[in-house]
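Undergrad:
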Amino acid sequence: DSVTFEDVSVKFTTEEWGLLDLTQKKLYRDVMRETFKNLTSEKDRKTLILEISKKIMGQI
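Here the sequence shown is numbered in full-length UniProt numbering, starting from 1 and rising by one per residue.
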């Protein structure tokens, strides 16, 4: 079986996300980017990272 992003990603509730400080949020972003990098092709990576970055930056 293939590993998917959903298999390895960490998801926070709105309440949990609100408890993280800025450093923790940035660490989460960096780890999720690295995870995407390891699971996607170069072509897919650029699109996925852009989408996730927009989502994460909207939460910080």
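Glycine residues also receive a C-beta, built at the ideal position from the N, C-alpha and C atoms.
(1) Does F12 come out as helix, strand or coil in the three-state DSSP assignment?
(2) Taking E54 as the reference, give the member of F5, R33, L19 with the closest Cα.
(3) Using only CA atoms, which one of V10, T40, S2, T4 lies nearest to L27?
(4) Am I right that T40 and L50 are in contact with their C-beta atoms under 8 Å? What's the rounded C-beta distance?
(5) Please name the residue, chosen from K46, I56, N38, that lies closest to V8 on a Cα-to-Cα basis.
TA: Reading from the atomic positions:
(1) coil
(2) Checking the displayed sequence, the identity of residue 54 turns out to be Lys instead of Glu. The residue with the shortest Cα to Cα distance from K54 is R33.
(3) V10
(4) In fact, because the Cβ distance is near 12 Å, the residues do not count as touching under 8 Å.
(5) N38
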